[in-house]
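Asker: Here the working numbering runs 192 ahead of the position in the sequence shown, where the first position is 1.
In this text, a Cβ means the ideal position worked out from N, Cα and C, and glycines have one as well.
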Amino acid sequence: MPEHTIDTSEMPSEGPKTALKASDREKTVIRTSFIGIAANVFLAAFKLIIGFLSSSVAVVMDAVNNISDVLSSVVTIIGTKLANKRADRKHPMGHGRIEYLSTLIIAALVLYAGITALIESIKKIIDPVTPDYSVVSIVIIAVAVAVKVLLGLYVGKKGKDVDSDLLRASGKDALFDAILSASVLASVLIFVLSGVSLESYVGVLIGLFIIRSGIEILRNTLSKILGERPDPELTSKIKSLIGSIPGVRGAYDLVMNSYGPEKIIASVNIEVPENMSAADIDAISRQAQALVIKETGVILATVGVYSFNVEEYETGTIYNSIRETVLSHDWALEIHGLYVDNDAKLIRFDVVISFDVKAEDALAELYKEMDELHPDYDFYIVADADISD
Numbered sequence: 193m194p195e196h197t198i199d200t201s202e203m204p205s206e207g208p209k210t211a212l213k214a215s216d217r218e219k220t221v222i223r224t225s226f227i228g229i230a231a232n233v234f235l236a237a238f239k240l241i242i243g244f245l246s247s248s249v250a251v252v253m254d255a256v257n258n259i260s261d262v263l264s265s266v267v268t269i270i271g272t273k274l275a276n277k278r279a280d281r282k283h284p285m286g287h288g289r290i291e292y293l294s295t296l297i298i299a300a301l302v303l304y305a306g307i308t309a310l311i312e313s314i315k316k317i318i319d320p321v322t323p324d325y326s327v328v329s330i331v332i333i334a335v336a337v338a339v340k341v342l343l344g345l346y347v348g349k350k351g352k353d354v355d356s357d358l359l360r361a362s363g364k365d366a367l368f369d370a371i372l373s374a375s376v377l378a379s380v381l382i383f384v385l386s387g388v389s390l391e392s393y394v395g396v397l398i399g400l401f402i403i404r405s406g407i408e409i410l411r412n413t414l415s416k417i418l419g420e421r422p423d424p425e426l427t428s429k430i431k432s433l434i435g436s437i438p439g440v441r442g443a444y445d446l447v448m449n450s451y452g453p454e455k456i457i458a459s460v461n462i463e464v465p466e467n468m469s470a471a472d473i474d475a476i477s478r479q480a481q482a483l484v485i486k487e488t489g490v491i492l493a494t495v496g497v498y499s500f501n502v503e504e505y506e507t508g509t510i511y512n513s514i515r516e517t518v519l520s521h522d523w524a525l526e527i528h529g530l531y532v533d534n535d536a537k538l539i540r541f542d543v544v545i546s547f548d549v550k551a552e553d554a555l556a557e558l559y560k561e562m563d564e565l566h567p568d569y570d571f572y573i574v575a576d577a578d579i580s581d
């Protein structure tokens, strides 16, 4: 077996780099949020003036929506500051998940604004007031639409650049606002040209759109808190990186836990020949950790080991029959860690089982088939969940 060594000069010093990256990210999120606050305060002030002067409930509700955006930006700033607090004894993985909680608050604010807009608009349908628009008010509403489009695109891009759910949610909300403001402008123009007042109905539409946006933000954030399936491109890249290390036959059971957008902790099992020394395995493990964090930013905290019989694997006498039988089932997605202990007459392996079947039922079927296939051996089969691609 060749000796495995690590070039320590290529091992990244992740402490300062990560801190710098987090600092830049925090500055970008806060700067973008302040821009959003300034824009929304400006828009809300003008819309409130126009709304009250023209007795337009749609314009007033649009202004209320802008005020909720200001509150959302404030929450974004506070949440980002708290999320970037240094790790401590009580929270050794840092405070990054506060960002998810902050996004929940934003979702609640958006929902509140939507429900308020809906209720007030329904009231105006029941007890209507004829609006009175000036040319200046129409121009200001049109400018507001353009500002919201630009703001939404800008904030959304910054959110994508720094991987911030808070900014992505704010950017998406701003684009929704632009659509709603455009509908307000359309109702104003229809009233001016035809005398038909649709603004209360537009207000209802605005409320429903805002509520839908809030529910979507809430659903997406709760999904992240519950724990989503990792990005298949990222998991494939990590497994490929580890598999490229000499001596590693494959990487399996990749588990990834997010402690915030910038902190992912992972564990993985690698398959190596049974005659590999502890020193070789230690070298491979460290090389895998350095390679993964350098190329992906993911912290590989644990590297477990599967061993395989070189002789049995090369002859394929038992290996092929077991693999063929196991993978003949649609619910058997992968088999790994297959080891044949001829002295103890024991065969052990793991099988990744689809969520379409019950693991206990699948195991019972496999044990029965294995006993029939190789009656001279005992089997130890572990059912793995399909947690990553």
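Nearest to K277 by CA position, among T488, G452, A575 and H566, is which residue?
Answerer: G452
Asker: Could you compute how far the alpha carbon of P567 sits from the alpha carbon of F547?
Answerer: 29 Å
Asker: Got a sec? Which residues, its chain only, sit under 6 Å from V502 by beta carbon, not counting five neighbours each side?
Answerer: P465
Asker: Name the residue from E504, S246 and S469 whose alpha carbon lies nearest to the alpha carbon of F383.
Answerer: S246
Asker: Go to D553, then tell me how far its alpha helix (DSSP H) extends in each direction, as first and last residue.
Answerer: A551 to L565
Asker: Could you tell me how far apart the beta carbons of I545 and D578 are, in whole angstroms, since I believe they sit closer than 8 Å?
Answerer: 7 Å
Asker: Pull up the CB-CB distance for L358 and E291, whole angstroms please, since I reckon it's below 8 Å.
Answerer: 6 Å
Asker: In the DSSP assignment, what are the bridge partners of I457?
Answerer: According to DSSP, which records beta bridges pairwise, I457 is partnered with N449 and I491.
Asker: Can you tell me whether DSSP reads F226 as helix, strand or coil?
Answerer: helix
Asker: If we call anything under 8 Å between Cβ atoms a contact, is M468 one with G442?
Answerer: no
Asker: If I measure Cβ to Cβ from L296 and keep anything under 6 Å in the same chain, skipping five residues before and after, which residues do I get?
Answerer: T413
Asker: Considering Cα atoms alone, identify which of T272, D324 and V394 is closest to K315.
Answerer: V394
Asker: To the nearest angstrom, how far is the alpha carbon of A255 from that of L293?
Answerer: 26 Å
Asker: Near V388, what residues of its chain come up, given a Cβ to Cβ distance below 8 Å and the 5 sequence neighbours on each side ignored?
Answerer: I382
Asker: Can you name the residues that DSSP bridges to D576?
Answerer: V544
Asker: Got a sec, what are the start and stop residues for the beta strand (DSSP E) L525 sits in?
Answerer: A524 to D533
Asker: Between S499 and A470, what straight-line distance do the alpha-carbon atoms span, to the nearest angstrom?
Answerer: 12 Å
Asker: Classify D355 as helix, strand or coil using the three-state DSSP reduction.
Answerer: coil
Asker: Return the residue from the list A480, S356, I222 and I514 that minimises the CA-CA distance to K429.
Answerer: A480
Asker: Compare the C-alpha of G406 against each of D261, R421 and V251 and name the closest.
Answerer: With distances taken between CA atoms, G406 lies nearest to D261 out of D261, R421 and V251.
Asker: Counting C-beta neighbours from all protein chains within 10 Å, is the total for I491 16 or more, i.e. buried, or is it exposed?
Answerer: buried
Asker: For the alpha helix (DSSP H) containing E589, name the first residue and the last one.
Answerer: The question about residue 589 has no answer, for the chain in this structure spans 193 to 581.
Asker: With DSSP run on the structure shown, which of helix, strand or coil describes G496?
Answerer: strand
Asker: In whole angstroms, give me the CA-to-CA distance for I473 and V267.
Answerer: 47 Å
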